[in-house]
Each structure stands twice: as structure tokens, then as C-alpha cells.
Amino acid sequence: MALVLDGLSASYGNANVIRDVSLRIEAGEICAIIGPNGAGKTTTLRAIMGYLPVTSGAIVGPAGVRLEGMRPHRIARLGIAYVPEGRGIFSSLTVRENLLVGATPLRASNPAEIGRQLESVLQRFPILRERVDQHAGLLSGGQQQMLAIGRALISAPQVLLLDEPSLGLAPIVRREIAELLCVLKASDDLTVLLVEQDVKLVQRCADFAHVLRRGSLLPRIGMSELADRDWLRDAYLGRHDGSDPDAR
Amino acid sequence: MDFGIQQIVSGLAIGGSYSLVALGFVLTFGVLNILNIAHVQTIMIAPIALALLIAGGLAPGLAMPLSLVITVAFGGVVFVVGLRPFLAHFRPTSNLASFIASFGISLFVENLVGAQLGSDPRSFPIPMPEGLWRIGGIEVVPIDCITLAVVVIVLVALALVVNRTNFGRAMRAVAENADVAAAQGISVERTILLTVLSASLLGGISGLLFAAESYSESPFMGFDYGLKGLVAMIVGGVTSPAGAVLAGLLLGLAEAATEAYLSSTFRDVITFGLLFAVLILRPQGLFVGTTKGVRP
């Protein structure tokens, strides 16, 4: 098992944003969290990554390590990579420098690997190799997304947290991202927790999904429920609690 | 003609020293997002420490590096004990409060040292070469040459560190987006501390250069020179290291020209006149807009 959330609750100050969130992802699986805006999807990822205090519950990472209370840079060094909403690339650094910064966790564990990993990322994303010494701020949105994902992958993480990778990107780029995720699922042992609004993208590559609605996570669903638009709409709007796939 | 060249060399030398102070401000502001006024005291601590070490019998060759070590340690301690706890508590709500706190710490240090050692200026403890040196057919003041050489070496070393090392990349990443930098495995707290230590080293080196050039030092010299460095930082564009260097040199040259062709009483007028002109006419700084990349 690669990532388990057990009754996780987290808050911003006094406002409890997510309540009693539980999910379980096995190694090599892709789990998607979908839901309306403001549901708490980004908050869930940020809570896992240690940016906000956990008010109750547990986060268990690879090798059974408990993550609550840990600072973000420690969690990153444990093999959990985070690609934030809006990509979060360093505009004033070059593509190469962005990737080298992403390799920071390797520096402690396996510095000899950095060169090899950099080469591997550039091979996977040829557009990055083309622009490797350009400032990242000059890249297009889609290229920046590839850079953000490449930067996350360079440290050979065990878990990848992706926050709305398709946001603001053209359909063709969204397809590329979906294909990339499928390739990652097939080739590496990489476990992915994907927050997305684009249900089609989720359908292409996820193993299962959860709907997050107003801070509460509904039970997991498969791709067939996702295909049922009416069911999904009702789940988003709170007309059912998601436990019965046949509910209308 | 010779006189003009001497003035240029002198202006570049003092300007280069201002640049070092300005760079200390720029680096710290980048990672901390506040102006750390306590930084100006590193300018004072180095020459004071040097004087005490030499008075205690230590050879100048050992006393100088040791005075810089003491300055770096001082900068670190003041930050960890004085400023960082304050920042942790107040930063979410007010950058101004943090700035005022750093100002208060600066005054406290200055007056503490002044109370302990006496507030009168004393002379720089190491004799400087007298007369003029002849270099390439030009006569120049020795301390100006030494200062220029030191400044060039320090700037080259700093550029290498900032652009080619892991620490330099971490510093730039934290300056741009500390949250995302943390997600890459960078310890933001450690990066900030190392940046403060680096800035303290720059301040200490500039302090030794200032004290050697004016052949005097005092517990209150921090603010005098530090303010010039702050002006250079603002004129250069606040966040731009290259801007800070260019603005520092510009300031030095302007001061040298004023002293030579007007009067030394106008020297500070020129400094602040330049600051006001830039803030009114081009507030983003003279040299911002020439940096590459896009800041979000």
C-alpha cells in the first residue's frame, strides 16, 4: 500500500475544510479526486504534503511512515512529489535549473543518480530538452505543465500528487497529459493521487475515483459510474451520498 | 587627467563596497521578503572585531579572516535569537512590523557596542600603504586598488555561488516561491539562515573596506554606510542583484564626482537626491526590466 488517509480532517485557522476523509491507494494505482470548486480537493493534497495542520486522522505514506506533523520538505524527501495547481514552476530559473531543484531529494539519498535522472526526464519530454537552458517563464502553459511534472518525476518518487494538471490547457495538451499518466502507470511503480475537474481525463487513466463534496469524501467509484453523467451531477449537487451507484 | 582617473577609481572602489552592502540586502529580501536593517551592523562588527583582535596581540593575517568569522556568527545569532522568532509570530500579519523589529534590533546592537567600547571613532588598526601607486602609467590611491580587487573577487565568487551551486539555486527558488521550493525537498528555514550568513559575510567584508578607506571606524558606522547600500539596492531595483551592483557603482561615482567638483558637504545630498529622482521617475529601479525571465 502506498498511500492511506484515515479519517483525515484539516483546517485553515478555525474553518474546518476537510472532514473525516479516508482513502486507500495501492502501489501503482491512480486514484482521482473529483468534485465541485471549493470542495477541498486542493486542501486535501496540501494537507498530505504538510502545508496545513491535520486536526485529526492519519496519513500513512510509503513503507508505512506516518506523515502527519511533518514539514513539506521532509515529506518530499520521503518520496512524495507534489505538482501544485497552476504548475508552480520557477519562472526565473532555467528549465535545467528547475529540474535540478526537483532533484533535491536525490542529493541526500543518491547523488550519483541525478545526472541519469535528468537525462531520463529530458528523454521523456523532448520539448524540455529543446529548451533546457531557457528561462522557464518563457515556456507555454502546456510546456510548463510538462516541466512541473518532469520536475516532480526526476527524484524518482513513489507517490505523485497532481493538482488539476489540465487546468487552463488546450484539449490536445490534456490528451498528452492523460497519455503520460497512462504510461507512468504502466511502466513505473508510481502511485498517483490526481485532483481533476476534467472527468474525461480521469476516465482515460485512473483506476478509481472519489467525489469530494463540501469537505467530505464519498465512497470510491469505478469508471462506469463516472460515465454516468446524471449520477455524477447528483453526487456533486448532494442529491445522494454516493453509496448507491444506482441512486438517482 | 590623472586626477579624473583617480576620482573614477576611487568612485568605483567606494561604489563597489556599497554594492556589497546592497547585495546583502537583496539576497535577504529575496528569501525573507523583508528589509533586514539589522544587516547594517555587520558593516560595523567586522572592523571593531578586527581592532579588538589586533589589540589582543593577533597578527593581522589571522585577525582579518577571524573578524569575518565573528561577523558571520554575529549575523547568524542576531537573526536566530532576535529576528526569526519575531518573524514567526508576526510575519503572517505584517511585513512592516518585521521591518520595524529589524530596525530596533539594529539600534540595540549599535548602542550595546557603543556602550561597551565607547562611542568615539578610532583608527583602523592596520596601516595602509601610503602615497600613490603607479599602475599602467596612472597614479592611484593604494586602498582604492585593493578595494576594487577585493570587490571584483567577491562579486565573481558570489555570481558563481548564486548561479552554479545547489545553494544558489535553492536561494533563488525560495525567493520566487518558498512553498513550491519546500515541495522540492528544500529546507526553506535552512536556506534562509544560510542566506543571512552570506549577507553577513558581504557586510563584514564591506565594513573592513570602508574602515580601511576612511582609516577610521566607530560603533555607529553601520547606519552611515548601510544606508548608502540600501539606497543602492532601491535604485537598482530592490530584487535585482545586478541592479544592486550597477547602482552601487553609480552611487560611488556620483559621490566621487561631487566631492571632487562640488564639495564634500554635498556628498550625501547627491546620494539621496539620486534616490528621490529614481523613486519619482522610475520607481521600479534603474536596472529592472533588463533581467531575463518572467516574475509571476
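Chains A and B supply the protein sequences, listed in that same order. Per this note's numbering, residue 1 is the first one in the first sequence, and the count goes up by one each step. Per this note's numbering, residue 1001 is the first one in the second sequence, and the count goes up by one each step. For every residue, glycine included, the Cβ atom is placed at its ideal position computed from N, Cα and C. From a predicted model like this one, the values you see are computed outputs, not experimental measurements.
At a cut-off of 9 Å between C-beta atoms, Leu100/A counts as an interface residue with respect to chain B. By the 16-neighbour rule on beta-carbons within 10 angstroms, Ile1135/B is exposed.
Taking a Cβ-Cβ threshold of 8 Å, the residues of chain B close to Thr104/A are Asn1166, Ala1170, Gln1184, Gly1185 and Ile1186, in chain order. Separation of Leu160/A and Glu1213/B (C-alpha to C-alpha, rounded to the nearest whole angstrom) is 56 Å. Residues Gly168 and Leu169 of the same chain have their beta carbon placed closer than 7 Å to that of Gly141/A, with the five preceding and five following residues left out of the count. Ile48/A places its beta carbon less than 9 Å from that of Ile75/A.
In this chain, Tyr82/A is not harboured by any alpha helix (DSSP H); it is covered by the beta strand (DSSP E) spanning Ile80 to Val83.
Looking at the DSSP output, Tyr12/A bridges to Ala15/A. Judged by their CB atoms, Thr44/A and Leu5/A are nearer to each other than the 9 Å cut-off. In the structure shown, the three-state DSSP call for Phe1124/B is coil. Counting only residues of its own chain and dropping the five nearest sequence neighbours on each side, Phe1287/B has a CB closer than 7 Å to the CB of Gly1236, Gly1237, Ser1240, Ala1242, Gly1243, Leu1246 and Ala1247. Distance check between Ala108/A and each of Val1109/B, Ile1186/B and Ala1101/B places Ile1186/B closest, using alpha-carbon atoms only.
Not flagged as an interface residue toward chain A: Ala1242/B, since no C-beta distance is shorter than 9 Å. The beta carbon of Ala1181/B falls within 9 Å of a beta carbon belonging to chain A, placing the residue at that interface. Against chain A, the CB of Ala1260/B has no partner CB under 9 Å away; the residue lies outside that interface. Per the coordinates, the alpha-carbon of Val1180/B lies some 14 Å from the alpha-carbon of Ser92/A. Per DSSP, Glu1259/B has no beta bridge partner at all.
Taking the C-beta atoms as reference points, Pro157/A is found no nearer than 9 Å to Ala1182/B. Excluding five sequence positions before and after Leu106/A, the CB atoms of its chain that fall closer than 6 Å to its own CB belong to Glu113, Ile114 and Ser155, given in chain order. Boundaries of the alpha helix (DSSP H) around Asp1179/B: Ala1178 to Ala1183. Interface flag for Ala1173/B against chain A is set, since a Cβ pair is found closer than 9 Å. Partner residues in a beta bridge of Leu1107/B, as assigned by DSSP, do not exist. Among the residues of the stretch 1101-1115 of chain B, none has a Cβ less than 7 Å away from any Cβ of chain A. Ile1105/B counts as buried, since at least 16 other C-beta atoms from the protein chains shown sit within 10 angstroms of its C-beta. Within chain B, no residue has its beta carbon less than 8 Å from that of Glu68/A; the closest one is some 17 Å off. When the beta-carbon positions are compared, Leu217/A and Val199/A stay at least 9 Å from each other.
Distance from Glu1255/B to Gly1011/B at the Cβ level is roughly 7 Å; contact confirmed, criterion being Cβ atoms closer than 8 Å. Using a Cβ-Cβ cut-off of 9 Å, Tyr51/A is close to Asp1179, Ala1182 and Ala1183 of chain B, given in chain order.
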